[in-house]
Amino acid sequence: MRLHRSTSEAVIQALDAIFGGKRYADKVIEKVLKQNPKWGARDRRFIAETTYDIVRWYLLLKRITEAKGDDYWKLLAAWCALHGVDLPAWDEFKGVSVSKVKSEEMKARSIRKVRESIPDWLDELGEQELGKLWEKELQSLNEEADVVLRVNTLKISKRDLQERLDEEGVATYDLKEYPDALVLEERQNVFGKPSFKDGLFEVQDAASQLIAPFMKIEPGMRVIDACAGAGGKTLHLAALMKNKGRIVAMDVEQWKLDELQKRARRAGVSNMETRFIESSKTIKRLQNSADRLLLDVPCSGLGVLKRNPDAKWKLSPDFIEKVRTLQQHILNDYCEMLKPGGLMVYSTCSILASENEKQVQQFLKQQEGKFELQAEKRSWPSEGFDGFYMALIKRT
Ligand SMILES: C[S@@+](CC[C@H](N)C(=O)[O-])C[C@H]1O[C@@H](n2cnc3c(N)ncnc32)[C@H](O)[C@@H]1O
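Here is the structure:
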């Protein structure tokens, strides 16, 4: 593979925005890719994949090149050296020795936090909470995620969608154990495809697709999705309910609910309303009203680093502490919206027990018998998809 000037500059620009400007990698890459319509599919893939890869291996690349601050060219040079890409004679690459990069990388393999490219504090926290499991999960979190689609069963069957995608040049394979999931054979942008515009599918990781069915949902129920965001799981709930019954989708960010409305229109969802959470009164008004309640709470996102590798550099112990307090607050305040006898699911995309099992235990203790745990489920990154936790809790 040959390195080209304009795509290399695009990678450097993206890295600068992600690390220097502290912006989200997915948004940055989307913006960078828009600026040059002449780039073909291969160039775009190079920019996106190389940027993500350098973000994922940032600490390792920095350590083996001794790159300072914002010397992203050195990181790109090291990435090329490790991937067998010839380094052009550009000024930015002067002084980089491919053999030195390779020998430094061999040396770095003995230190886990460098080899796996993870901040010290996060490596310590992972080990503290997961013990022996941490090493394996950490390795898996550095793998590239598959692109998984969720078939919108309100509009099409899995088999028909697979055929339709085939006609549109998108090859997929069936994930048999996940009733609505298809996986792309090859990573590509599917958002421009007519079948996406027709609302026939959403992009949603297989592990995330476990949550709505875990709620034992049935058509005709009254359901509240209290941390709905842009509604990945709300739309799945609506499909399982066959558009029958009612879903109230809530969030503290109006723009996310606006996005959800757009997605719901595209998906043909007609049993959902959105409600902005203004204050605790919004919650009180819905007391004892739901057969099912989903609390898909804000979390560290440590289970989805495959997809968002930049998160490991943005997280901090302070943030995790704040998010744990918020999770406990949401559990204890929002549970009131459930009818007696109703079921709620508490879920996170974290793999830390302190955001998962321990939060549920603390909640059950605080509620003194008013709620009981019925089931818990984990999806581990090492099983192939994102890391998720879900607990099914009954109001007695
Ligand atoms: C993990 S995300 C939800 C993802 C969403 N359920 C999905 O499937 O796409 C958590 C959401 O909780 C929202 N949030 C943060 N604080 C909240 C609060 N106090 N009450 C309700 N939602 C909150 C965030 O804005 C964010 O959209």
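Quick note: the sequence shown uses full-length UniProt numbering, first residue 1, plus one each step.
C-beta atoms are modelled at their ideal positions from N, C-alpha and C, and glycine is treated no differently.
Contact under 8 Å by Cβ, residue i with residue j
i           : j           : result
residue 60  : residue 115 : yes
residue 206 : residue 181 : yes
residue 274 : residue 286 : no
residue 214 : residue 149 : no
residue 310 : residue 18  : yes
residue 239 : residue 154 : yes
residue 195 : residue 163 : no
residue 58  : residue 313 : yes
residue 332 : residue 366 : yes
residue 14  : residue 308 : no
residue 260 : residue 231 : yes
residue 247 : residue 302 : no
residue 161 : residue 147 : no
residue 217 : residue 235 : no
residue 233 : residue 296 : yes
residue 56  : residue 117 : yes
residue 388 : residue 140 : no
residue 73  : residue 50  : no
Delimiting residues of the beta strand (DSSP E) encompassing residue i
i           : result
residue 249 : 246-251
residue 111 : First-last for residue 111: undefined, no H or E at that position.
residue 274 : 272-276
residue 393 : 388-395
residue 89  : That residue, residue 89, is in no beta strand (DSSP E); it is neither H nor E in DSSP.
residue 307 : Residue 307 -> no beta strand (DSSP E), and no H or E assigned at all.
residue 291 : 290-296
Closest by C-alpha distance to residue i, when choosing among the options
i           : options               : result
residue 392 : 385, 52 and 363       : 363
residue 371 : 387, 334, 208 and 349 : 334
residue 298 : 156, 356 and 113      : 356
residue 326 : 252, 230 and 293      : 252
residue 242 : 227, 232, 269 and 261 : 269
residue 145 : 39, 306 and 157       : 306
residue 7   : 209, 45 and 289       : 45
residue 346 : 26, 176, 292 and 127  : 292
residue 329 : 359, 350 and 250      : 359
residue 349 : 361, 377 and 343      : 377
residue 16  : 4, 41, 54 and 5       : 54
residue 39  : 10, 52, 64 and 20     : 10
residue 324 : 344, 233, 78 and 354  : 354
residue 84  : 3, 43 and 104         : 3
residue 288 : 21, 343, 103 and 139  : 343
residue 282 : 119, 245, 315 and 226 : 226
residue 119 : 104, 138, 103 and 101 : 138
residue 369 : 395, 390 and 388      : 395
residue 165 : 177, 179 and 188      : 188
residue 104 : 122, 62 and 142       : 62
residue 245 : 228, 266, 271 and 23  : 271
residue 1   : 81, 37 and 20         : 81
Run of the alpha helix (DSSP H) containing residue i, from where it starts to where it stops
i           : result
residue 280 : 280-284
residue 261 : 254-267
residue 126 : 120-130
residue 94  : No alpha helix (DSSP H) contains residue 94, which DSSP labels as neither H nor E.
Neighbour flag for residue i against chain B, beta carbons, 8 Å
i           : result
residue 377 : The structure shown contains no chain B; it is built from a single protein chain.
Three or more C-beta pairs below 8 Å linking the stretch 80-92 and the stretch 338-354: no
Those runs of the alpha helix (DSSP H) which lie wholly inside the stretch 325-370 and span at least 4 residues: 357-366
Three-pair Cβ contact test at 8 Å for the stretch 304-324 versus the stretch 268-278: no
The stretch 130-138 touching the stretch 377-394, judged by at least three CB pairs closer than 8 Å: yes
Any 3 or more C-beta pairs closer than 8 Å across the stretch 219-227 and the stretch 188-201: no
Ordered list of alpha helix (DSSP H) runs contained in the stretch 14-68, each at least 4 residues: 25-34, 41-56 and 58-65
Segments of 3+ residues assigned as beta strand (DSSP E) that fall wholly inside the stretch 175-248: 181-184, 201-203 and 222-225
Segment contact flag, the stretch 21-37 with the stretch 104-112, C-beta cutoff 8 Å, min 3 pairs: no
Ranges of the alpha helix (DSSP H) found wholly within the stretch 135-181, counting only runs of at least 4: 158-167
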